[in-house]
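Engineer: Sharing a structure here in structure tokens format.
Residue numbers (the numbering used here): 217 to 732.
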């Protein structure tokens with residue numbers, strides 16, 4: 217994936233848009249259009265709006281490196297013969313720096329999305345043709361919600377940011393100083409609040425994959441929770457509960473390909489199989505490296521895998537008989553061949569697994585796994601159809617439980633927590649004091665939302681990151697002899713990531729985060 221500095225992306229995004237059909241699942245490959253000859257009809261604006269969704273994939277493609285592998289949920293399969301993924305390992309081991317490619321990719325993608333939203337919002341103010349008021353409201357609402365989403369992603373990962381709110385028409389305009397974190401949050405809150413007045417709840421399931429009032433309310437609530445403004449989060453999350461969302465009866469069905477954008481989905485990033493740039497890389501990243509005939513049904517020598525491997529720590533978080541364990545984590549059994557490579561021989565369930573004599577095994581994230589995968593002529597990799605969940609209804613229920621408990625309303629929080637536990641086959645929590653219930657809700661979030669890019673951000677948001685990751689890091693260094701002594705030096709500076717080196721080089725007004 218190309219890494220484009222965000223200032224250049226701001227300009228490039230002025231002329232790059234996706235051709236589209238009504239459904240985000242059916243995007244056509246991107247094409248170049250002169251913006252001076254564009255925005256002449258409602259169709260042009262719909263195409264531009266579709267283009268504003270595209271960077272969501274660029275972020276999702278790498279987010280698990282920063283949001284799961286940075287945590288105690290997962291790590292990587294160390295292969296001394298293949299050191300091609302050092303940037304990914306650095307993120308897991310707290311050894312990353314400003315030249316890490318993943319942090320650069322995410323930063324540039326988010327600003328690319330912001331730029332596309334800014335262009336849409338500015339051009340809507342100067343249209344010379346008639347547009348139905350309902351269409352204008354919908355486009356404005358989606359663009360504002362997406363811009364808020366991109367800025368919320370950035371501020372949580374990088375801290376203070378250049379705050380661009382209008383179309384950038386020159387390199388000089390793209391060079392801004394960093395804006396204080398609190399000011400960025402105020403803009404995130406304003407954009408989501410504006411979007412709430414313009415967007416509608418989902419009117420049917422499955423949804424189209426577009427932003428809705430439910431997404432804006434849920435993410436605005438999370439922004440308030442991040443700022444400890446529980447009173448403001450509670451009514452938003454209560455409103456989401458009245459928008460028609462529901463828990464599916466079977467946890468595994470949530471991740472079925474037939475249930476994309478389904479009744480439990482509040483928002484997800486859209487992918488589909490094919491060669492047009494809209495397929496997902498995730499399962500190729502998550503299964504073991506080397507041949508994938510057994511794991512994926514493709515006779516392909518996969519060099520992309522071995523990432524986001526579940527840890528013993530996350531496994532121990534599951535309670536006895538938790539139905540989610542077998543859905544979330546799987547086993548690939550195999551042998552070590554003469555080249556010292558792992559060769560898979562079968563895929564098995566985690567629960568009840570008994571190794572075949574003479575074999576070894578690797579764990580993998582299973583909830584996005586849908587064997588067999590389709591081979592595309594001339595290529596075999598990167599053609600997976602799984603969407604990536606951003607917000608699910610169970611997430612909103614647990615957010616509501618957490619917010620109520622933080623306001624001393626633990627009794628009101630219990631039903632929301634227990635709805636999630638009941639589906640997993642677990643007993644109700646009947647009573648708990650506030651600190652105990654806080655820990656139980658955090659534990660439930662970790663299990664319910666495992667490998668959905670929540671864990672690291674939850675640890676930071678709740679103030680538990682340094683303690684938890686120092687403990688986990690000490691255990692990891694005792695277990696894995698290849699880890700450097702400097703690994704897992706988890707300090708306050710490491711709670712956010714570096715501003716990409718390239719950005720600082722291009723913009724002399726930018727300062728680097730402390731410790732990088």
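All C-beta atoms, glycine included, are put in the ideal place defined by N, C-alpha and C.
Would you mind stating whether residue 489 and residue 495 have Cβ atoms separated by less than 9 Å?
Structural biologist: As a position in the chain shown, residue 489 is number 273, starting the count at 1. As a position in the chain shown, residue 495 is number 279, starting the count at 1. Yes, the Cβ-Cβ distance between residue 489 and residue 495 is below 9 Å.
Engineer: So, under 8 Å CB-CB, residue 412 and residue 432 are touching, yes? Tell me the CB distance rounded to an integer number of Å.
Structural biologist: Reading the chain shown from its first residue, position 196 is the one you call residue 412. Reading the chain shown from its first residue, position 216 is the one you call residue 432. At roughly 5 Å, the Cβ-Cβ gap stays under 8 Å, so residue 412 and residue 432 are in contact.
Engineer: Determine, using beta carbons only, whether residue 321 and residue 274 come nearer to each other than 9 Å.
Structural biologist: Numbered from its first residue, the chain shown carries residue 321 at position 105. Numbered from its first residue, the chain shown carries residue 274 at position 58. Yes.
Engineer: Assign residue 602 to one of three DSSP states: helix, strand, or coil.
Structural biologist: The count along the chain shown starts at 1 and reaches residue 602 at position 386. Secondary structure at residue 602: coil, using DSSP grouped into helix, strand and coil.
Engineer: Could you tell me which residues DSSP puts in a beta bridge with residue 546?
Structural biologist: Within the chain shown, the letter at position 330 stands for residue 546. In DSSP, residue 546 forms a bridge with 565, 580.
Engineer: Mind checking residue 526: buried by the 16 CB within 10 Å criterion, or exposed?
Structural biologist: Taking the chain shown and counting its residues from 1, the one referred to as residue 526 is at position 310. When all chains shown are included, residue 526 counts as buried.
Engineer: Given residue 804, which residues of its chain have a CB within under 8 Å of its CB, disregarding the five upstream and five downstream residues?
Structural biologist: Limits of the chain in this structure are 217 at one end and 732 at the other, which puts residue 804 out of reach.
Engineer: So, helix, strand or coil for residue 395, using DSSP?
Structural biologist: As a position in the chain shown, residue 395 is number 179, starting the count at 1. The answer is strand: DSSP assigns residue 395 an E or B state.
Engineer: Under the rule that 16 or more other beta-carbon atoms within 10 Å means buried, what is residue 265, buried or exposed?
Structural biologist: Here residue 265 refers to the residue found at position 49 when the chain shown is read from its first residue. With a 10 Å radius around the Cβ and a threshold of 16 neighbouring Cβ atoms, residue 265 comes out buried.
Engineer: Residue 626 bridges to which residues according to DSSP?
Structural biologist: One-based indexing of the chain shown puts residue 626 at position 410. None; residue 626 has no bridge partner.
Engineer: Distance check for residue 312 and residue 557, CA to CA, integer angstroms please.
Structural biologist: Against the chain shown, residue 557 aligns to sequence position 341. Against the chain shown, residue 312 aligns to sequence position 96. Between residue 557 and residue 312, the C-alpha separation is close to 27 Å.
Engineer: Which ranges would you report for the beta strand (DSSP E) in the segment 323–406 if only whole runs of at least 3 residues count?
Structural biologist: none
Engineer: Roughly how many angstroms separate the alpha carbons of residue 452 and residue 445, rounded to a whole number?
Structural biologist: Numbered from 1 along the chain shown, position 236 holds the residue referred to as residue 452. Numbered from 1 along the chain shown, position 229 holds the residue referred to as residue 445. In a straight line, the C-alpha of residue 452 is about 12 Å away from that of residue 445.
Engineer: On the DSSP bridge list, what partners appear for residue 559?
Structural biologist: Along the chain shown, one-based indexing puts residue 559 at 343. According to DSSP, residue 559 bridges with 551.
Engineer: Hey, is residue 288 close to the ligand COA, as in C-beta under 8 Å from one of its heavy atoms?
Structural biologist: This structure simply doesn't include the ligand COA, nor any ligand for that matter.
Engineer: Suppose the cutoff is 6 Å on Cβ atoms and the five residues either side in sequence are ignored; what does the same chain contact list for residue 507 look like?
Structural biologist: The count along the chain shown starts at 1 and reaches residue 507 at position 291. Counting only Cβ-Cβ distances below 6 Å, and skipping sequence neighbours, we find 517.
Engineer: Within 10 angstroms of its Cβ, does residue 620 collect 16 or more other Cβ (buried), or is it exposed?
Structural biologist: Counted from its first residue, the chain shown places residue 620 at position 404. Buried is the call here.
Engineer: Does the beta-carbon distance from residue 725 to residue 392 come in below 9 Å?
Structural biologist: Taking the first residue of the chain shown as 1, we reach residue 725 at position 509. Taking the first residue of the chain shown as 1, we reach residue 392 at position 176. Yes; because the gap between Cβ atoms is below 9 Å, this pair is in contact.
Engineer: Starting from residue 483 and walking both ways along the beta strand (DSSP E), at which residues does that stretch end?
Structural biologist: By 1-based counting over the chain shown, the position of residue 483 is 267. Residue 483 -> beta strand (DSSP E) spans 481–485.
Engineer: For residue 335, which of 608, 408, 271, 255 has the nearest alpha-carbon?
Structural biologist: One-based indexing of the chain shown puts residue 335 at position 119. Out of 608, 408, 271, 255, 255 has the C-alpha closest to the C-alpha of residue 335.
Engineer: Along the chain, where does the alpha helix (DSSP H) that runs through residue 500 open and close?
Structural biologist: Along the chain shown, read from residue 1 onward, the residue named residue 500 stands at position 284. According to the DSSP assignment, residue 500 belongs to the alpha helix (DSSP H) that extends over 498–502.
Engineer: Count Cβ pairs between the segment 606–615 and the segment 660–677 that sit closer than 8 Å; are there 3 or more?
Structural biologist: When Cβ pairs closer than 8 Å are counted between the two stretches, the segment 606–615 is seen to touch the segment 660–677, the count reaching three or more.
Engineer: Please go through the same chain and pick out, in chain order, the residues whose beta-carbon is closer than 7 Å to the beta-carbon of residue 416, but skip the five residues on each side of it.
Structural biologist: If you number the chain shown from 1, residue 416 lands on position 200. Counting only Cβ-Cβ distances below 7 Å, and skipping sequence neighbours, we find 428, 429.
Engineer: Alpha carbon to alpha carbon, how far is residue 628 from residue 647?
Structural biologist: Counted from its first residue, the chain shown places residue 628 at position 412. Counted from its first residue, the chain shown places residue 647 at position 431. Roughly 11 Å separates the two Cα atoms.
Engineer: Tell me whether residue 172 sits in a helix, a strand or coil according to DSSP, three-state version.
Structural biologist: As displayed, the chain neither begins before 217 nor continues past 732, which places residue 172 out of reach and without an answer.
Engineer: For residue 280, which three-state DSSP category applies?
Structural biologist: On the chain shown, position 64 is the one that residue 280 refers to. Reduced to three states, the DSSP call for residue 280 is helix.
Engineer: I'd like to confirm the pairing. Which residues does DSSP put opposite residue 526 in its beta bridges?
Structural biologist: Here residue 526 refers to the residue found at position 310 of the chain shown. Residue 526 pairs with 290.
Engineer: Of the choices 671, 387, 363, whose alpha-carbon is the least far from that of residue 408?
Structural biologist: Walking along the chain shown from the start, residue 408 turns up at place 192. The shortest C-alpha separation from residue 408 is found at 363.
Engineer: Is there contact here, the segment 361–378 with the segment 299–306, by at least three beta-carbon pairs under 8 Å?
Structural biologist: no
Engineer: Using only alpha-carbon positions, find the residue among 730, 728, 717, 712 that is nearest to residue 371.
Structural biologist: Counting from one through the chain shown, the residue named residue 371 turns up at place 155. Considering only alpha carbons, the answer is 712.
Engineer: For residue 348, I'd like the list of residues in its chain whose CB is within less than 8 Å of its CB, leaving aside the five on either flank, ordered along the chain.
Structural biologist: Indexing the chain shown from 1 puts residue 348 at position 132. Only 258 meet the Cβ criterion.
Engineer: Which residue wins for smallest C-alpha separation from residue 564, given the options 578, 548, 644, 610?
Structural biologist: Taking the first residue of the chain shown as 1, we reach residue 564 at position 348. That would be 548, whose Cα lies nearest to the Cα of residue 564.
Engineer: Since residue 637 contacts residue 463 with CB under 8 Å, what's their CB separation in whole angstroms?
Structural biologist: Start at 1 with the first residue of the chain shown, and residue 637 comes out as number 421. Start at 1 with the first residue of the chain shown, and residue 463 comes out as number 247. Beta-carbon to beta-carbon, residue 637 and residue 463 are separated by about 11 Å, too far to satisfy the 8 Å threshold.
Engineer: Go through its chain and collect everything with a Cβ distance to residue 540's Cβ below 8 Å, but skip five positions before and after it.
Structural biologist: The residue labelled residue 540 in the question sits at position 324 within the chain shown. For residue 540, where only same-chain residues beyond five positions count, the Cβ hits under 8 Å are 467, 534, 640, 663, 664, 666.
Engineer: DSSP state of residue 218, grouped into three classes?
Structural biologist: Against the chain shown, residue 218 aligns to sequence position 2. Low confidence applies here, because residue 218 scores a pLDDT of 38, under 50, leaving its location unreliable; read the following figure in that light. Coil.
Engineer: So, are the CB atoms of residue 267 and residue 339 less than 9 Å apart?
Structural biologist: As a working mapping, residue 267 is identified with position 51 in the chain shown. As a working mapping, residue 339 is identified with position 123 in the chain shown. No.
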